[in-house]
Every structure is written in structure tokens, then in C-alpha cells.
Amino acid sequence: MDLSYTSEEEEFRARLREWLGKVLPTLPPKPSPDDWPARRAHDLGWQRMLYDAGYADVHWDASPTTRLIFLEETEKAGAPYVGANFVGLLHAGPTIAAEGTPEQRARWLPPILRGEEVWCQGFSEPDAGSDLAALRTRARRDGDDYVVSGSKIWTSHAEVADWCELLVRTDPGAPKHRGITWLAMPMNAPGITVRPLRTLAGSAEFAEVFLDDVRVPVTNRVGDEDDGWRVTMVTLSFERGTAFVGEVVACRRVLGELAAEARRNGRWDDSALRRRLGRLNAEFRALWRLTQWNVSEAEASGGVPGVGGSVFKLSYSHARQELYDAAAEVLGPDSLDLGRPWMLDRLSALSYTIAAGTSQIQRNIVAERILGLPKGR
Amino acid sequence: MRFQLTEEQRALQAAVRGVVGRRSSARSSWLVAPRGGAADVYNPAPLQGAAAQPGDSQFRLDRALWRALGDLGFFSLRLPEADGGAGLGLPEAVLAFEEAGRALVPGPLLATHLAAGEVEGAATGETVVAAADGRLVEWMEEADVVRPGAEGAVPMNSVDPLTPLHRVPAPAVPDPLGILLTAAEQLGTAARACELAVQHARTREQFGQPIGAFQAVKHLCAQMLVRTEVARAAVYAAAVTADRVDIAAARLLADEAAERGARDCLQVHGGMGFTWECEVHLLLKRARVRAQRGGGVTESEELLAADLVT
Numbered sequence: 005m006d007l008s009y010t011s012e013e014e015e016f017r018a019r020l021r022e023w024l025g026k027v028l029p030t031l032p033p034k035p036s037p038d039d040w041p042a043r044r045a046h047d048l049g050w051q052r053m054l055y056d057a058g059y060a061d062v063h064w065d066a067s068p069t070t071r072l073i074f075l076e077e078t079e080k081a082g083a084p085y086v087g088a089n090f091v092g093l094l095h096a097g098p099t100i101a102a103e104g105t106p107e108q109r110a111r112w113l114p115p116i117l118r119g120e121e122v123w124c125q126g127f128s129e130p131d132a133g134s135d136l137a138a139l140r141t142r143a144r145r146d147g148d149d150y151v152v153s154g155s156k157i158w159t160s161h162a163e164v165a166d167w168c169e170l171l172v173r174t175d176p177g178a179p180k181h182r183g184i185t186w187l188a189m190p191m192n193a194p195g196i197t198v199r200p201l202r203t204l205a206g207s208a209e210f211a212e213v214f215l216d217d218v219r220v221p222v223t224n225r226v227g228d229e230d231d232g233w234r235v236t237m238v239t240l241s242f243e244r245g246t247a248f249v250g251e252v253v254a255c256r257r258v259l260g261e262l263a264a265e266a267r268r269n270g271r272w273d274d275s276a277l278r279r280r281l282g283r284l285n286a287e288f289r290a291l292w293r294l295t296q297w298n299v300s301e302a303e304a305s306g307g308v309p310g311v312g313g314s315v316f317k318l319s320y321s322h323a324r325q326e327l328y329d330a331a332a333e334v335l336g337p338d339s340l341d342l343g344r345p346w347m348l349d350r351l352s353a354l355s356y357t358i359a360a361g362t363s364q365i366q367r368n369i370v371a372e373r374i375l376g377l378p379k380g381r
Numbered sequence: 514m515r516f517q518l519t520e521e522q523r524a525l526q527a528a529v530r531g532v533v534g535r536r537s538s539a540r541s542s543w544l545v546a547p548r549g550g551a552a553d554v555y556n557p558a559p560l561q562g563a564a565a566q567p568g569d570s571q572f573r574l575d576r577a578l579w580r581a582l583g584d585l586g587f588f589s590l591r592l593p594e595a596d597g598g599a600g601l602g603l604p605e606a607v608l609a610f611e612e613a614g615r616a617l618v619p620g621p622l623l624a625t626h627l628a629a630g631e632v633e634g635a636a637t638g639e640t641v642v643a644a645a646d647g648r649l650v651e652w653m654e655e656a657d658v659v660r661p662g663a664e665g666a667v668p669m670n671s672v673d674p675l676t677p678l679h680r681v682p683a684p685a686v687p688d689p690l691g692i693l694l695t696a697a698e699q700l701g702t703a704a705r706a707c708e709l710a711v712q713h714a715r716t717r718e719q720f721g722q723p724i725g726a727f728q729a730v731k732h733l734c735a736q737m738l739v740r741t742e743v744a745r746a747a748v749y750a751a752a753v754t755a756d757r758v759d760i761a762a763a764r765l766l767a768d769e770a771a772e773r774g775a776r777d778c779l780q781v782h783g784g785m786g787f788t789w790e791c792e793v794h795l796l797l798k799r800a801r802v803r804a805q806r807g808g809g810v811t812e813s814e815e816l817l818a819a820d821l822v823t
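Chains as they are written, first to last, in my numbering: chain A, 5 to 381; chain E, 514 to 823.
Laid out in C-alpha cells, this is it:
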């Protein structure tokens, strides 16, 4: 068991830190969450800066430890998060890299890395959320095209996306996990309607997408027809690897800020509150260690992160909600003012036990795939 | 960064598991076999006596086990080789204590381990050492040496039938090392509770299927694993850094994983879990005894809070 980094890793960290110190002061301020065109420009601009400095492909080509250092340092320095590039960099890109043809990789990967194209994710449907395989959006073959009809929901960045990684049903007669196909759909194709959804935290964070006889070329299919479920499982496993590194670092910073605020406003004298923050310190320290453990394990096995990510996500999503509830306790009545720090985050945190597989689904995964309990109701 | 067990550490883990597991199935009915070991032997009969005579435990410390642990290097493993030890570090000690916690080995393991090199015979397991921790002394009457002495000690009606307790008037200063090794034992118990619950949920049938097929039961088990694995990362990391804030974090999470895990394990076992007929109550009671070591959770929480403003 070793928590020290190699000299190459330390050099990478130092180089990155120096670069961040130089470029971050030149960045324009963060745009408002509701101004999607500005957010797109901001996030793509940041990706371009990463590309020019040689950091663009850190999520794809670097070792897990290097990726961990990258996410840790960028978060500590207050650099932008992947934002609108999330799906391209962390979902669609890695999937195309793993499953796409040479032509597909050449077409789609460079624009993602250079910050030229934004992707969104067309997985969930109104009647198929956690039960993803119940999706019903239909694609029928017509010559060299698939003709797609149906609707998708919870689609982040849909308003400004160039491409959508789309799951469609190509064989309605097959068992539900078979008969699904993975397509790259151009978002400017005729027949696509995007309707923004306002979240409980106030912003139009994601959208509903309606598809009415949208034509997608067969050459845009990644993997075989009806093999989309397997391709999708490759995609989802990326999300549960190092996806939360930056967020754990951010939560630990917030915890320090909460303690400082409590000292300022006198709440620190309340030993129950102090102990509550102390316990959260323990939890986020442990989650950071678990991250290091999982990254080391991924590195040792040389493979795609496994179901251990579910263990992390279950604990983290709960702890994140506890953190912002503690923030409300620090603020007292001011916690009802959304203009105060952390209070929008408190609302947003409620999505963490739902998004990317609800906690209930994650517990089933842990129980069945790690503990070996029988499938059932 | 290679935050994983080395081959040598895995070998040590297996060796300790082998000794406590083999002995448990062969002689000591209250010890339970670890995963992959011999079939579980749990015989509640000797425990019934303890129930009948609270405060006057009939249990004698298993001196042969103590010497076997001494031969294995359990007590001496952190001593330099020149002093007859194995020259190993905290991570190895943590792995050994995790196994002891998993098998619920009774006796003042921690006090004897901490006395190795200071008290004659402790390193080899010839001398059994008990120690005051906070206001409590475990296994005082069975020990050859009590550190730092226990004037005015009064016997308690110990909640754990396998840990006789005395109360002492003057509190002793907690040792961070003791807190870490206790957290390692709690981790082992948490892992054991999860294994027992899963084993039961796979085999016990109700409504025509194993109860583990029901989400309500499945989710209890999943949370047991989650708490255990988060605690494991914290305990192992604290063993590497030996940092007192890391140690405080490890103890909070390990205490919770052990106590909550034992309670959930009891719930999964249903009515049987509430009796002395199965071993679950021993996990729970031991977890509660250990949670009082090193000043209890309040001190650890305050230390972690103070860390946020320094």
C-alpha cells in the first residue's frame, strides 16, 4: 500500500499547476447557467486551451493516476469543469474510441478534443429511465438511413449540441436488452424538437427531445445493429470511474468554507454542529481515499473501471446531500435565500441519488454483482 | 501511487486468517470461521453460563491461542528484526488486526500488541497484557500485567460476554496507534457482518424464494458493503500516513460500519438474530466495546472539526 506518486506523476502535477496558474487569470468569467450559447462558447474555449497545451486527451490516453492528478489540480485551481464537453469527452468519445471504425474515430474524435463540437446523450426516455432497456424510440431501416421516431428526456446540453449519442430500438420483437442500436445523430437534422426543462434548482439544465422521422445515416452506427446494449455498457462504465474526482475535491473545499463561515457567524460554538462538520470531514477524506484505491485498482488491472464505482457513487451522492444540508444549518434562516452561497447547490445535490442510475438501482447492482444475491423483485 | 495490497501483505493476511480460522473451528466454539475457511462452528452452549452469571465470566483466556498468535508474530510484527520482531509497519499490523476483528478473537490483543518490546514476554504471547483505555480495562483478571496499573478498578456487567470489563477512576490518555488498530478490528467485524448477512440471505427461504431476492433485504446488504468499503479505504490510508486526523476519520467510519453492520446483519437474520442461537449478537456487542476505546467518537469528531479550521 503506497500513497506516494512517482517522479513522472509529480512532474506532471507541477507542470500542470504552473500552466493553470498562468492561464486561469486570463479566462473570461463563468457565464450564467441559463445562457446556453455563452456556456457552450466558454466550455469549448477551455477545451481548446487544454488542447493547445497538450492536456485535451487526458481522459482517454493518460493513466488513471495521471487523470486523477489532472482532475484534482484543475478543481483545486478553480478551473472550469468539463461542462458542455461532458458527454463528448467522458461518454461518446471513449465509446467511439473503443467501438468505432477507423473512419468514425477520425470523423468524431478530433473535434471533441479540439473543442469544436458538443455532444449530448439520448439515452433516457419518459418511460425508460432507470429501466434504460425499456426504451421505445424506434429506428427502421430505409435504404442507407435509419428513420428515427420517439422522444428522449433529461438530455443535458441538447440546445447547443452538434451530436447526440442516441439509443434506438431496431428490433421491437427481440428481448428488451437485445434489439437496441447505438447511433450518432446530427442535432441539425430535420424532425428534431428540443424543449428545455426547468429543474428544481431553477435553471434549464436539461431538455426533452422529440424525434419525428429523423434520418440518420447507417454509417453513423457504432457497433453492430441490435448490439447497442453492449456498446452502452462500455459507455456507462466510464462514467463511474474517475468521474467524481473533481467533485470530491470540491466538496472538501466547501467543507472548509463552511467551517470558516461558522466561525465568522458564531455558529462554530455549537458543538453539535462542529461534530457534524467533523464527521463530514471524515466521510470526504474517506471518499478521497476510496477514489485513490479505485484508481490504483483500475491501473493495476489495466482495464475499464468495474462495479466498485457503484459503491463509491452510493456513498458520495448521499454525503454530498449531507454536506449541503449542513451548509443550511450553518446559515440558519439565511438558508432560504437562494442568493446565499451553497443554497442552489443544496437543491442541485438532490439529483445525485437519481442521475446516472438511482441509488436503488446501484444497490441492486452491488447486491447482485458484488455480493452475489439472487435476482428477484 | 499503488494504493493496493502487495503480494507480501496478501500473504500475511492469509497467514493470520489461517491461524485464527483454523483454531476457531477446531477448539474455540465462540470463534467463527472466516470466508473460505472451514465450516462455521458456533456453539452457544458455553455462552449460556455467562448469561446466567453476569459480571462473573466463566471464560478463561485461550493461552494456547495467545502463544500461537505470538509464534505467528502477531504481537511482535512491528518490532525491529534485531529485537526479535518482523520489522513490519502499520499497514501490516492493520491487516492482522482486521483478521482478528473478523474472527472476533477474544482477549486484550491490542494491549498486548502495544506492550510488545516493553513488557517481557508480550511479544511472544507468553505474557498477557491488559491496559486501561479511557476509563475501561478489558480482561483485567486474566492478564499477567495491567498497564499502567488499575487502582480502584471495579468490575462491570459487561455487555459483551467475551470481553470482561473493569471500570477505573482515572482516564488514560488515548494512543492514536490504539485507535487505528481498533478501527482495523472494527473493519474486520463489519466485513464479517456483511458476509454473514449475505450467506443467510442466499439460503434462507420465505415466500418461496431466498430472502436475498427481495430488494428490502438486498439493499440492507448493499449498504453494509458500502459502509465497509468506505471504511476500508480510510483505515488502510491512515495506516500508510499514520496521520492523527486520518486515524480519527478511519475510526469514525469503521465504528459506524461495524455497529450499523451488526445491526443490519441482525435484521437480516430476523428473530433468530435476536437470540444467542446465532453469533450476530457477539459482533454487535464487541463493536460497541471497541467504539468506547480511545476516548469515544466525540473526541475524534472534534479533532476532525478542528482540522477544518487550521
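Even for Gly, the Cβ is constructed at its ideal location relative to N, Cα and C.
Note that the coordinates shown come from a computational prediction; the quantities given were computed from them, not determined experimentally.
- Could you tell me whether any Cβ in chain E is nearer than 9 Å to the Cβ of D6 (chain A)? Start at 1 with the first residue of the first sequence, and residue 6 (chain A) comes out as number 2. It does: the Cβ of D6 (chain A) has a partner Cβ on chain E nearer than 9 Å.
- Classify E14 (chain A) as buried or exposed, calling it buried when 16 or more other Cβ atoms lie within 10 Å of its own Cβ. Here residue 14 (chain A) refers to the residue found at position 10 when the first sequence is read from its first residue. E14 (chain A) should be labelled exposed.
- Between T625 (chain E) and A635 (chain E), which are expected to be in contact by the criterion C-beta below 8 Å, what is the C-beta distance as a whole number of angstroms? Within the second sequence, numbered from 1, the residue matching residue 625 (chain E) stands at position 112. Within the second sequence, numbered from 1, the residue matching residue 635 (chain E) stands at position 122. T625 (chain E) to A635 (chain E), Cβ: 5 Å. Contact.
- Query: Considering I157 (chain A), what are the terminal residues of the beta strand (DSSP E) in which it resides?
  - Reply: Along the first sequence, one-based indexing puts residue 157 (chain A) at 153. 149–160 is the span of the beta strand (DSSP E), which, as asked, contains I157 (chain A).
- Which residues in the same chain as D569 (chain E) place their Cβ atom closer than 6 Å to its Cβ, once the five residues preceding and following it in sequence are excluded? Translated into positions along the second sequence, residue 569 (chain E) becomes position 56. With a pLDDT of only 49 at D569 (chain E), under the threshold of 50, the placement of this residue in the model should not be trusted; the figure read from the coordinates follows. There are no such residues.
- 9 Å Cβ cutoff, G550 (chain E) in contact with chain A: Counted from its first residue, the second sequence places residue 550 (chain E) at position 37. Note that G550 (chain E) has pLDDT 37, beneath the 50 cutoff, so the model's placement of it is unreliable and the number below is only indicative. By this cut-off, G550 (chain E) is not an interface position.
- Query: Any idea which residues DSSP pairs M189 (chain A) with across the strands?
  - Reply: Within the first sequence, residue 189 (chain A) is the residue found at index 185, counting from 1. DSSP, once it has assigned bridges, lists A:C168 as partnering M189 (chain A).
- Task: Below 8 Å CB to CB, which residues in the same chain sit around G183 (chain A) once its five sequence neighbours on both sides are set aside?
- Result: As a working note, residue 183 (chain A) is residue 179 in the first sequence. In its chain, beyond the 5 residues on either side, R173, T174, D175, P176, G177, D230 have a beta carbon closer than 8 Å to the beta carbon of G183 (chain A).
- Could you give the DSSP three-state label for W64 (chain A): helix, strand or coil? Walking along the first sequence from the start, residue 64 (chain A) turns up at place 60. Residue state, collapsed to three classes: coil.
- Under a three-way DSSP split, which group does L215 (chain A) fall into? In the first sequence, counting from the first residue as 1, residue 215 (chain A) sits at position 211. Looking at L215 (chain A) - three-state DSSP - the assignment turns out to be strand.
- Message: Between which residues of its own chain and L48 (chain A) is the CB-CB distance below 8 Å, once the five residues before and five after are set aside?
- Response: Locating residue 48 (chain A) in the first sequence gives position 44, where the first residue counts as 1. Take L48 (chain A), set aside five residues on each side of it, and the residues of its chain with a beta-carbon closer than 8 Å to its own are A88, N89, G119, E120, V122, in chain order.
- Along chain A, in chain order, which residues have C-beta atoms closer than 7 Å to that of P604 (chain E)? Numbered from its first residue, the second sequence carries residue 604 (chain E) at position 91. Proximity of chain A to P604 (chain E) at the Cβ level (cut-off 7 Å) is accounted for by M5, in chain order.
- Alpha-carbon spacing of Y150 (chain A) relative to D228 (chain A), whole angstroms: Sequence index remark: in the first sequence, residue 150 (chain A) carries index 146 (1-based). Sequence index remark: in the first sequence, residue 228 (chain A) carries index 224 (1-based). Rounded to whole angstroms, Y150 (chain A) and D228 (chain A) show a C-alpha spacing of 13 Å.
- Query: Taking Cβ to Cβ, would you say L829 (chain E) is nearer than 9 Å to R806 (chain E)?
  - Reply: Outside the shown range of chain E, which is 514 to 823, sits residue 829 (chain E), and nothing can be said about it.
- When DSSP labels each residue in this structure, what does V659 (chain E) get in the three-state scheme? Sequence index remark: in the second sequence, residue 659 (chain E) carries index 146 (1-based). Residue state for V659 (chain E) is assigned as strand, using DSSP reduced to three classes.
- Does any residue of chain A bring its CB to less than 9 Å from the CB of H732 (chain E)? As a first step, residue 732 (chain E) must be located in the second sequence, where it is residue number 219. So yes, H732 (chain E) belongs to the interface.
- Query: Contact between the stretch 330–337 of chain A and the stretch 259–273 of chain A: three or more CB pairs below 8 Å?
  - Reply: Short answer: they touch.
- Taking the alpha helix (DSSP H) that T99 (chain A) falls in, what are its first and last residues? If you number the first sequence from 1, residue 99 (chain A) lands on position 95. Annotation for T99 (chain A): the continuous alpha helix (DSSP H) segment containing it runs 97–103.
- Message: So, with DSSP's three-state summary, where would you put G126 (chain A)?
- Response: Reading the first sequence from its first residue, position 122 is the one you call residue 126 (chain A). G126 (chain A) sits in a strand when the DSSP states are folded into three classes.
- Query: Using a Cβ-Cβ distance under 9 Å, would P547 (chain E) count as near chain A?
  - Reply: For the purposes of this step, residue 547 (chain E) is taken as the residue at position 34 of the second sequence. Unreliable placement is indicated for P547 (chain E), whose pLDDT of 34 sits below 50; the coordinate value is still reported in the next sentence. Not one chain A Cβ lies under 9 Å of P547 (chain E).
- Same chain only: Cβ atoms within 8 Å of L136 (chain A), ignoring 5 sequence neighbours per side: Here residue 136 (chain A) corresponds to residue number 132 of the first sequence, with the count starting at 1. Scanning its chain for C-beta atoms nearer than 8 Å, with the 5 sequence neighbours on each side dropped, one finds around L136 (chain A) the residues F127, S128, L171, T236, in chain order.
- Which residues of chain E have a Cβ atom closer than 8 Å to the Cβ of P378 (chain A), listed in chain order? Walking along the first sequence from the start, residue 378 (chain A) turns up at place 374. For P378 (chain A), the neighbours in chain E by C-beta distance under 8 Å run, in chain order, R715, Q722, P723, G725, A726.
- Message: For R576 (chain E), count the other beta carbons within 10 Å of its own beta carbon; 16 or more makes it buried, fewer makes it exposed. Which is it?
- Response: Position 63 of the second sequence, counting from 1, holds the residue named residue 576 (chain E). Exposed, since its Cβ has fewer than 16 Cβ neighbours within 10 Å.
- Task: Assess, as a yes-or-no matter, whether the stretch 345–355 of chain A is touched by the stretch 203–212 of chain A under the definition of 3 or more beta carbon pairs within less than 8 Å.
- Result: These segments touch.
- Note down the Cα distance separating A771 (chain E) from L215 (chain A), rounded to an integer number of angstroms. Position 258 of the second sequence, counting from 1, holds the residue named residue 771 (chain E). Position 211 of the first sequence, counting from 1, holds the residue named residue 215 (chain A). A771 (chain E) and L215 (chain A) have their C-alpha atoms roughly 51 Å apart.
- When the Cα atoms are used, what is the spatial distance from H794 (chain E) to L623 (chain E)? In the second sequence, counting from the first residue as 1, residue 794 (chain E) sits at position 281. In the second sequence, counting from the first residue as 1, residue 623 (chain E) sits at position 110. If I take the Cα positions, the gap works out to 22 Å.
- List the residues of chain A that T754 (chain E) touches, going by C-beta distances under 8 Å, in chain order. Numbered from 1 along the second sequence, position 241 holds the residue referred to as residue 754 (chain E). In chain order: L7.
- Query: Are V743 (chain E) and L54 (chain A) closer than 9 Å when you measure CB to CB?
  - Reply: The residue you call residue 743 (chain E) lines up with position 230 of the second sequence. The residue you call residue 54 (chain A) lines up with position 50 of the first sequence. At least 9 Å separates the beta-carbon of V743 (chain E) from that of L54 (chain A).
- chain E contact residues for T69 (chain A), given Cβ-Cβ distances below 8 Å: Residue mapping note: residue 69 (chain A) aligns to position 65 of the first sequence, counting from 1. Chain E residues near T69 (chain A): M514.
- Item | Any chain A beta carbon closer than 9 Å to V529 (chain E) | If you number the second sequence from 1, residue 529 (chain E) lands on position 16. So, not an interface residue.
- Item | Cross-chain neighbours of Q296 (chain A) in chain E, by beta carbon under 8 Å | The residue you call residue 296 (chain A) lines up with position 292 of the first sequence. Result: M514, F516, A746, A750.
- Query: So what does DSSP say about I692 (chain E), is it helix, strand or coil?
  - Reply: Looking up residue 692 (chain E) in the second sequence gives position 179. Looking at I692 (chain E) - three-state DSSP - the assignment turns out to be helix.
- T811 (chain E) CB to nearest chain A CB: under 9 Å? Taking the first residue of the second sequence as position 1, residue 811 (chain E) is located at position 298. Residue contact with chain A for T811 (chain E): present (Cβ-Cβ distance below 9 Å to some residue of chain A).
- Task: Would you mind listing the alpha helix (DSSP H) stretches within the stretch 233–278 of chain A that are 4+ residues and don't spill past its ends, in chain order?
- Result: Runs of the alpha helix (DSSP H) inside the stretch 233–278 of chain A: 249–269.
- Query: Counting along the chain, where does the alpha helix (DSSP H) carrying V27 (chain A) start and finish?
  - Reply: Numbered from its first residue, the first sequence carries residue 27 (chain A) at position 23. 11–27 is the span of the alpha helix (DSSP H), which, as asked, contains V27 (chain A).
- Message: Counting only Cβ pairs nearer than 9 Å, list the residues of chain C close to E301 (chain A).
- Response: Protein chains in the displayed structure are A and E, and chain C is not among them.
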